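**Student:**
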Amino acid sequence: MKKTIIVFCILLMTTGCAQKRIIDDLALINAIGYDLSEENEENLKVTATFPIITKDGKYDRKTIIVEGKSSKSAREKLKHKTNMQLESGQIRVSLFGTELAKQGLLTQLDTFVRDPNIGSRVLLALGKPVASDILTLQIENEGQNATFLEQAITKLHSESKTINYDIFQFLRDLYDDGMDPILPAYKVEDNDLKYDGVGLFQGDRLIDYLNPEDSKLLFLFRKEIIHGDLEQEIELEEGKVQQIMLSYVQTKHHIDVNSVAMDNLVATIDLEIQGDVLEFTGEEDLSDPNIQMKVEKLISDQLKSKGNKLLLQLQKMQVDPIGIGQHVRNHMKYMRWKKLNWYEEYQNMEINVNITVKFSSNGKWK
Amino acid sequence: MKEKLSPIQVSILVYMIQSGVILFSLPRLTGEAFGTNGWISIIIVSVIVNINLILIWFVFKVGAGRSMFELVNGIPKWIRLILSLFLAGIWLGLGTMVMVKYILLLKMLFYQNVSTLLLMTMGLILTYLLVKRGIYHIAKATVVLFYFTVWTIFLLLFHLPDFSFIRLTPFIFQGEKDLLRGGAGIYTALLGYELVILFLHNVEEKRLKAILVGNTITSIIYLGVCFVSFGFFSFDMLLEDMYPVVTLLEYISFPVLERVENLIFSLFGLKVLITTVMYLWASKEVLEQQFQRIKPKYLLLIILSLSFFISIFQKIMRQVDQWLEYLAWIEVVIAFLLPLILLIVAFFTRKVNKEHSL
Amino acid sequence: MRNHRNRYFKELEKQIEKNETTSSHEKTARNAIQNKQDKKSNISEFQSFFQNCSDLSCTEFPHLDIKIYYFPYLIDKTIYDQHLSEIRNVTKEEFEAYLNQSEFPVLQDVINVEEAVLSGSCILFFQDIAYDIPVKNGETRSISPSETETVILGAHDAFVESIDVNLSLIRRRVLSSKLKAIKLYVGSQAKKVVYLLYLEDLVSETDIDHLKKRISSIKNDGIVDTNMLVQYIDEHPNSPFPQFYTTERPDVTVYKLFDGKIVGLLDDSPFAFCTPVSFFDFMESMDDFGQRWVVSSFIRILRYIAIMITLVFTALYVSVTTYHYEMIPQALLPTLLESRSRVPFPPVIEALFLELLLELLREAGARLPTKVGQTIGIVGGIVIGQAAVEAGITSNILIIVVAASAIASFVIPSYLMSASIRIVRFSFIIIAGFWGNIGIVFGMGIVIIHLSGLTNLNSPYLLPISPMYPKFLKYTLLRGPFKKKLKG
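Chains as they are written, first to last, in full-length UniProt numbering: chain A, 1 to 366; chain B, 1 to 358; chain C, 1 to 488.
1) Hey, is the segment 9–24 of chain B in contact with the segment 187–196 of chain B, meaning 3+ C-beta pairs nearer than 8 Å?
2) In whole angstroms, give me the CA-to-CA distance for V47(B) and I220(B).
3) Restricting to Cα atoms, I'd like to know which of F148(B), E3(B), M97(B), G224(B) is closest to I42(B).
4) So, under 8 Å CB-CB, F230(C) and I170(C) are touching, yes? Tell me the CB distance rounded to an integer number of Å.
5) Are the segment 176–195 of chain B and the segment 331–344 of chain B in contact at 8 Å, needing three or more beta carbon pairs?
6) The alpha helix (DSSP H) spanning F168(A) covers which residue range?
7) What does DSSP give as the partner residues of S57(C) in its beta bridges?
8) Between which residues of its own chain and F50(C) is the CB-CB distance below 7 Å, once the five residues before and five after are set aside?
9) Identify the continuous beta strand (DSSP E) that holds Q274(A) and give its terminal residues.
10) By the DSSP assignment, the alpha helix (DSSP H) with T63(A) in it spans what residues?
11) Between which two residues does the beta strand (DSSP E) containing T91(C) stretch?
12) Taking S341(C) as the query, report the chain A residues whose CB atoms sit under 8 Å from its CB, ordered along the chain.
13) Beta-carbon within less than 6 Å of S418(C)'s beta-carbon, same chain only, minus the 5 sequence neighbours each way: which residues are those?
14) Using Cβ-Cβ distances below 9 Å, what residues of the segment 97–114 of chain B are close to chain A?
15) What does DSSP give as the partner residues of N258(A) in its beta bridges?
16) Using 8 Å as the threshold, is the segment 454–468 of chain C in touch with the segment 39–46 of chain A, meaning 3 or more CB pairs across them?
17) What is the DSSP secondary structure of Q202(A), counted as helix, strand or coil?
18) Tell me which same chain residues have a C-beta within less than 7 Å of the C-beta of S266(B), skipping the five on either side of it?
19) Within the continuous beta strand (DSSP E) that includes E350(A), where are the two ends?
20) Is G488(C) close to chain B, meaning its C-beta is less than 8 Å from at least one C-beta of that chain?
21) Is there a Cβ of chain C sitting closer than 8 Å to that of K140(B), yes or no?
22) Taking G178(A) as the reference, give the member of K364(A), V353(A), Y343(A), N352(A) with the closest Cα.
23) Is any beta-carbon of chain A found at less than 8 Å from that of T275(C)?
24) Distance, Cα to Cα, E284(A) vs Y248(A)?
25) Spatial neighbours of A399(C) within its chain, please: C-beta separation below 8 Å, excluding the five flanking residues on both sides.
26) Under a CB-based cut-off of 8 Å, is S188(C) close to chain A?
27) Assign S142(C) to one of two classes, buried (16 or more other C-beta atoms within 10 Å of its C-beta) or exposed (fewer than that).
28) Leaving aside the five residues before and after R148(B) along the sequence, list all residues of the same chain whose C-beta is less than 8 Å from its C-beta, in chain order.
29) Taking DSSP as the reference, what is the three-state secondary structure of L478(C)?
30) Which term fits N89(C), buried or exposed, when burial requires 16 or more other beta carbons within 10 angstroms of its beta carbon?
31) At a CB-CB cut-off below 8 Å, which residues of chain C make contact with K20(A)?
32) Between which residues of its own chain and P339(B) is the CB-CB distance below 7 Å, once the five residues before and five after are set aside?
33) Just curious, the alpha helix (DSSP H) that V194(C) is in, first and last residue?
34) Taking 8 Å as the CB-CB cut-off, is M308(C) touching chain B?
35) Between the segment 225–243 of chain C and the segment 256–274 of chain C, are three or more C-beta pairs nearer than 8 Å?
36) Is there a Cβ from chain B that is less than 8 Å from the Cβ of K27(C)?
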C-alpha cells in the first residue's frame, strides 16, 4: 500500500495532469452556420455563435463570421477572432445555407462525425436563404439563438412533426439505401425566426423545399406518429367552407409493397387516424352519427387527394423521404434490389394512399 | 491457494476476460465480415467457443482434476521451457496490447494531450495490485467490477425508440463479405476464455456449467449490442462508423448529464483492466512454474516492466491493430491446440498411472 | 519550554519501551511471589506497591492487629460501615474465629491483593494474611439512550462504561446457556478485562482461538476504548476502512450474536465490537428491522446511492468543469458559466476549499457543546456559503454539490464508515482534478481492489457479493422479508 502511494506521488510529480479545459475559459460554440461565400464561390462562410459572460456578469452571446476554404480552415480563423479557447463540444445546432445544401452536405458533416468532441445529437437545420442571417439575428428578449433554435426544433418534434433531426438521424437516412433524409428549414421574418417547411434531399443534396402545409402531410406518411393535430377545411354543403380541427392518434401506419409482377411495383400506404374534435365552425349537429360519418369521409377523401398529389410531386423530384424504398427492398431478393435503379423505378411506380379518419368523440359540445 | 473459486465467480471472470475493447467496433466488424444481419454470426462464433470450452473441460475430466502444470510435468523439460516461454510471451503481448489499444482509443476520444505512458502506468498500478495477490483476489475484485460495469448494458434501452426492424432487412449475410479474416476477427472478440485452462482445477464444482455460462453472458451482451446496432444504424452507416458503440453511447442523454460516453467509456477501462490482468497473471503463472527460484514478486515486476516497455513503442493505432490481430490469431490457435496437447498428455499419463497401479 | 517538552516525550518513549519489554513492575511482582512464604514481607510489599498513592485509605485496629486498606470512592460506604461495626467490639480470638468461618477469600499473591484493592475490595490484613472483603460500589452512569446510533423504532438503551452492566444487558436478551463468555485480559501493566461472547454452534472454534490469541497478545496499556482495541487486532491496519463493527446498542449486539458473530466487550467502554463483519454490516441500522421490508429495502438502496454520491459527486463536478465540458446539458450551462465566471481558481481548488471548510465545520460542531455546535453548523453552512458565493470564491452550484455529498455522507448509519468514506472522497476530488473521469475510474478501481482484498478473521470484506452468495444478497443489499414459519 505504502509503495503504491509512493509510486502514485512520483507519477503525479513527473507527468502532471491532463490538458485542462475549464469551462469559464472556453468559448463554447453552441451554434454554427455554413454558407457559400458571396464573393468567392469556392469559399465557405462560417458563422459561429457562443455564449459569453459580460463584465457585469450577464449571460450574453457573441457571433463571429469568417470565410475560409474549408470548414477547418475557417475554424482556424475563428480562433484568431476570440480571446478564449474555442471548443466545439457544446454545439447544439448546425445550420446550412440553401446554396450550400444544394451542393451537398457530406463534406461539411465529415468534421462533425470525425471530431470526437462533437456528439451525435447536434441538431441540423436549413437556413433560408442563408444560415448566417439566422445566427446573427438578435431576437428580442432571447439570449441565445442556439437555445432558441434547439427549443423550437424540439417543440416541433413534440407537436408530432417528427422533425427532430440530428446528425445521427440525418446520416442514418442518408446512408440507408431505401430512404432520403429531410431537414427543417428556418427563415428570418419580421425580425423573428420562423419555421418554414422542410428541405427534401436526394442523398446529401438539397432538391427542393416543401411548404409547412405539405410537410405536415409528409410527416403523417413518414413515420408512426403517436399523436398530433390536424386542421382541415371542409365543405359539407356547397359553398360553405367550415373549419374542423382534430387532435388525433394514429392507430395504423402501414406501408405495403406488392411486387408480384417483376416490373410493376405497387406500394400502398395505409393510415388510420382516430381523433377528438377540438373545433368545428359549422352549424351541423356533430353528435349525429350520420353527420359524423359524413364529415369523416370528407376529411379522408381530402387527405387522400392531397396525399396523392404530394406523392406525385415527390416522385417527380425523385426523393423518397417516406422510406418507401426500405419497404420495397425488404420485399425483394437481395440481388434484385442491388440491380434495381431505385430512383427511376420510384419515379414510375404506383403509390396508393388509403387514409381513414375516425372521430373517437365530438368533444364536450354538440 | 487453499481457497477455491465458486462457479459464479468463474462465470463472471470468464465474461470479464472475454469482453474487451473489440466490443466498440464489433457491430461494424460483424457487418464487414458477414454482410447484412451480421449480428447472427455472434451465435455461430459463440457455439464454436463453447465447443472449445468443452474441450478444455474434457482435459480436466481426463486428467482427473489435475492442474495444467501437473499435467505438463509429463513433457520433457526443454519442450516445457520453450512452450512456457512462448505462451508467456504471447499472453504478455496480448495483455499489453489490449490495454494499449484501449488507451489509444481513450486518448483519441477525450485525452488528446495525455501521454500514453501515464495512462499505461495507471493501468499497470491497478494490474500490480490485483496480480500480486493471486487469482482468488482477482476473482473477488472482478465480481465487484462486474457489477460496476454490467449495468451499462441496460443503456441499450435508450436506443429502442430509434430502433426499427425495417432497417434490419430480411437479407441474411448478403453484400460484401470477408468470411475468413472477418470471422476470425469476430472470434477474437470472444477470446480470453482459453485462460480458464489455468484455473479450472481451482473451481469448486459445476466446472463445465460455470465456464459455459460465462461465455453465454458475453455472447448475449455482444449479441444484444450488435442486434440493437443493426436496427439503430442503417447498414451502410454502420460500415462507415469506426466505433459504432461509441456512437451509441454518445446518443444517450440524461437530463442532468449529456454525452455519457465520457463516463461509460472510462468505466469500461475496468473491464479492459481485467482482461489485461488475467493475461499478465497467466503469463506470470506460467513463468513461475518454470523459474521457481525467482521470487514471484520479482517475476511480476519483470512482467510489468516488460509490458510497460512494449507500450513505449506503441503510439500508432494501426500498428497496435496489426499487432493485436496477429497475436489474436496465434491465441486462437493456442486456444485449440493447448487443450489438445494437454488432452493427449493427460490420456497418456493416465494410462501410465493405471499400469502403475496395476 | 521546548526542553521541558522534549524531556516529557523522552520519558514517554522510555515508558513505552519499558512496556514493550518486561516491565520492572512485573519483576517486583515475580519477586514477591518468590518470597510469598515470608509472610512478613506481604504487607510491606503491598505498601511499597502503593507508595505515593495518598488516596489509599487505611484503617487500623491495633487491638486486633488488623489493617484495612481500601480506596474510599471505589467501595460502598454503607456496607463497609456495617462490617466495621461488627468488628469494633470483638476480641482477637472471636475475630479469628469469625474470619475462619466467614467466606472471605484469602489472597495469597501480592498481585492478587493489588488487583482486588483496585477493583474495589477492602483488603484486610490479619496476622499478615490478606482477606478480600468485597464491598464494591456499583456506581456507574445510568443506562441512557444511544447518542451515536439513534433509531426511531427499536430499543433505546445503550451500553454504559461498566462491563457488568453491559453483560447484563446482553444476558437479559439472550436467555440461553448457549451464550458463552470468555474472559480475557488486555495489556501488561494495567490489565483490562475483555469478554468474548458468542453463541455456541454458530461460531467456528478456530475463529475464537484466533481472536483469543490476538487479544491476549496485546501488551500495550492505555487501551481505553473498544474502538481503540479493534485497531490493535484488525488484519489491515493501514486501511482507511473500519474492519470491526462497533456499536453501543445492546440490541444490535444481540442481533449480531444470533447472526453468528463473535462479540467483544471491553471494560470501561460503552462499545461492543463484532467480528467477522463485512462492508454491508456497516450499512445496516436497527430501524431496518422495524420497518416493513419494502420500506427498509428502499432505504438500504438509498444508502448505497448515498455512498456513491459522497464518493464521486464533487469529484464529478471537478472533472466535468475541468475536462469534460461536453457533458453539461444545455439547460445547466448558463447558470454554471455565470457562477463559475467570477471564480478565479480552477475547480479543484474551489472544491477542495469548500470541502475542507465543511469538514472544519463538522469537526468544530462535534467538539463544541451540542447547542453551540448546532449554531456553528447553521451559521457556517448558510452564512459562509452565501458569502463565499458573493465574494466569488466558489460557484453556487458547487455549494449545492458539496452540501449534497456531505448530507449523503451522514446517511451512512455507521459513524466510522461515514468518516472513512468522507476521507476517501478527498482523494477522489484530487485525482479528478488531475485526470478527469479516467482519474475517478482509476480511484474507483483502487478502492474496489482494496476493499475486495480486505479480510476480517479470514472472511472476505465484501462477503455476499464477492465471493458471491446470491441467496444472501436479498438480506444484505436489501432487507428481504422475514421468513414465516406459521401455518394456518
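Ideal Cβ placement from N, Cα and C applies to all residues, glycine included.
Predicted, not measured: the structure shown is a model, and the values here were computed from it.
**Tutor:** If we stick to the structure as given:
1) yes
2) 12 Å
3) G224(B)
4) According to the sequence displayed, residue 230(C) carries Val and not Phe. Not a contact, Cβ separation roughly 18 Å.
5) yes
6) 167–175
7) Y70(C)
8) L56
9) 266–280
10) Where T63(A) is concerned, there is no enclosing alpha helix (DSSP H), although the beta strand (DSSP E) it sits in stretches over 59–68.
11) Taken as a continuous stretch (DSSP letters only), T91(C) belongs to no beta strand (DSSP E), as it is neither H nor E.
12) D24, I53, G57
13) Same-chain partners within the cutoff: S409, I412.
14) M108, L109, F110, Y111, Q112, N113, V114
15) V266(A)
16) no
17) strand
18) So the list is empty, once near-sequence residues are dropped.
19) Bounds of the beta strand (DSSP E) holding E350(A) are 350–361.
20) Low confidence applies to G488(C): its pLDDT is 48, below 50, so where it sits in the model is not reliable, and the reading given next is rough at best. G488(C) does not count as touching chain B.
21) yes
22) Y343(A)
23) no
24) 21 Å
25) The question names Ala, but residue 399(C) in the sequence shown is Ile. L354, G385, A388, V389, listed in sequence order.
26) Nearest CB-CB separation between S188(C) and chain A: not below the 8 Å threshold.
27) exposed
28) Reading off the sequence, residue 148(B) comes out as Phe, not Arg. For F148(B), where only same-chain residues beyond five positions count, the Cβ hits under 8 Å are L267, L270.
29) coil
30) exposed
31) Chain C residues near K20(A): T322, Y323, P346.
32) L55, I56, V59, I197
33) Element bounds for V194(C): not the alpha helix (DSSP H) but the beta strand (DSSP E), 192–199.
34) no
35) yes
36) Bear in mind that the predicted position of K27(C) carries a pLDDT of just 49, short of 50, making it too unreliable to give a figure here.
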